[in-house]
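So the number in this note's numbering is just where the residue sits in the sequence shown, counting from 1, plus 8.
All C-beta atoms in this analysis are idealised placements derived from N, C-alpha and C, irrespective of residue type, glycine included.
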Amino acid sequence: MKISRTNVIIAILIIAFFFVINYLQPLRADDFGRAYTDALDKGFIIYLRGIASNYIHWTGRISAQALIYLFLSKKYIHLSVFMINMINSICFYLFVLYSYKIVRFKTKIELFSKDFLIYFFFFIFLFYQTGFIANVIWKTAAVQYFWGITLLAIFYYISVVKNKQNIWFSLFTGFFIGLYNEIFVGVAIILCLAYFLNQKLSQNQINKNILYFFIACVVGGIILIAAPGNYVRLNTMSAGEHISVLNQLINLVTQIVTRPWDTLVPMLMLLTFLVLIFTNKNITRKASFIYGVAIASSIFVLTPVAKSYDLNQRVLLIYDAVFFIIMMQQFYNHSTSFILKLRLRLNSLSWVFLVLLVMQLVLMVSIYFEIYKFERYRDTLVTYYQQNEISDPILPMIPEFSQITFIDDITSDENAYNNDAYAKFYGFDKVYGKELG
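See below:
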């Protein structure tokens with residue numbers, strides 16, 4: 009298939025932009041702990057032991073841990089970070105591309121168009137406001153969350169939009185996601201069951217790709233859910249407290265309502281989707297009800313997570329992606345003349361959206377450049393303390409720029425996990441954080 013020159017240029021520009029902000033985002037929190045493990049440098053046996061230890065003692069996630077141990081190594085830290093930044097930038101482009109193809113339900117699209125400009129504006133605006141972009145340029149979350157989300161988008165495009173049968177890719181994707189993240193597993197299984205029910209009631213043939221994906225995802229999910237580490241982590245985070253299922257559900261709903269800085273935008277996207285799907289005459293009432301209920305009920309996958317620790321932007325990443333895509337899909341394929349006129353009106357204002365898009369991109373780069381400058385300044389202090397053999401330095405903490413930038417820096421508590429991981433990575437006994445000023 010011939011690819012237009014403008015599509016290539018726009019692809020390069022998208023990759024270049026995301027590479028810049030990936031490059032400007034420094035190592036944070038778990039990045040130091042994963043890199044310090046240096047499983048790749050210590051040999052294949054240590055690499056496998058690291059994955060097994062995590063399965064037994066902490067998260068239980070196999071494919072996600074295998075990737076982070078493979079790509080993040082202290083000995084090869086510059087190469088590791090470059091590789092993650094490069095792959096993550098390409099993943100951003102692929103996610104933009106395939107999510108747009110899913111939304112338009114087309115195999116061939118033109119990126120140099122008003123429709124794509126409007127779509128990309130809302131992509132940047134909403135994913136920036138939810139903290140999605142900020143979280144997935146953090147190296148650990150990029151590997152352990154975003155790469156899986158990108159894989160799912162590609163799988164859905166190939167299986168549903170392109171309708172191309174590929175059993176081995178379906179099995180691989182299903183098993184990989186099954187071992188990747190328990191929230192992803194729960195959401196994927198609910199959506200697959202909704203699809204099977206709709207196809208059965210409509211007497212339509214079931215897509216074999218989705219069937220094989222579902223089987224592999226369930227098998228991988230059983231291995232993941234059975235992991236001792238899953239329960240160790242949840243019990244540790246909840247301090248061993250046991251509460252009833254009803255109270256857990258109440259707690260989840262309470263957190264959704266009382267943490268609007270994390271949940272408001274995703275919930276608004278979900279609400280918009282529900283309004284659009286139930287007013288879209290291109291979709292049967294039966295299908296609207298099945299998918300509407302399935303999407304809304306998928307939130308309750310978070311129930312055990314909310315019990316153990318507060319909801320945060322990271323655990324909501326899969327919901328950000330799903331809610332955005334299905335909302336935009338309904339918007340671009342709606343039956344009412346009002347939505348069609350609204351789309352045409354937005355297209356007529358494309359130059360305004362172009363200006364606003366550029367302003368957003370410049371703002372993002374400027375914020376991350378400030379973070380980058382701070383990190384370079386602190387690196388000079390780290391080098392000074394290392395050269396003078398000071399084992400317990402006091403280092404400045406980066407100020408919070410906004411709720412939608414990922415900071416998760418060292419703290420004033422030398423025993424905090426972030427401080428401990430940072431100290432080990434740089435060869436200190438302890439590090440103390442202090443506020444700038």
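Check	Outcome
May I ask you to report which of helix, strand or coil DSSP gives Glu443?	strand
Would you call Ala47 buried or exposed, if buried means 16 or more other Cβ atoms sit within 10 Å of its Cβ?	buried
If you draw a straight line from the C-alpha of Asn290 to the C-alpha of Phe177, how long is it?	31 Å
Throw me the rounded Cβ distance for the Arg42 and Thr148 pair, which I believe falls under 8 Å.	6 Å
Which of the three DSSP states is assigned to Pro34 in this structure?	coil
Return yes when the Cβ of Asp416 is within less than 8 Å of the Cβ of Asn426, no when it is not.	yes
For the alpha helix (DSSP H) that contains Pro531, what are its first and last residues?	Outside the displayed span of the chain (9 to 445) sits residue 531, for which this structure offers no information.
Taking the CB atoms as reference points, tell me whether Leu119 and Ile18 lie closer together than 8 Å.	yes
Do you know how far the Cα of Trp146 is from the Cα of Arg36?	7 Å
By DSSP, does Pro404 sit in helix, in strand, or in coil?	strand
Between which two residues does the alpha helix (DSSP H) containing Asp46 stretch?	Per DSSP, Asp46 belongs to no alpha helix (DSSP H) and is neither H nor E.
Compare the beta carbon distance of Leu369 and Ile20 with 8 Å and say whether it is the shorter of the two.	no
Between which two residues does the alpha helix (DSSP H) holding Asp123 run?	Lys122 to Gln137
Just checking, does the region 88 to 106 make contact with the region 149 to 169 on the three C-beta pairs under 8 Å criterion?	yes
From Ala295 to Phe339, what distance separates their C-alpha atoms?	17 Å
CB-CB under 7 Å to Ser81, same chain, minus the five flanking residues each way: which ones, in chain order?	Ala43, Asp46, Leu48, Asp49 and Ser88
So Glu190 is in the alpha helix (DSSP H); what residue range does that whole segment cover?	Glu190 to Ser210
Given Phe26, which residues of its chain have a CB within under 6 Å of its CB, disregarding the five upstream and five downstream residues?	Ser97 and Phe100
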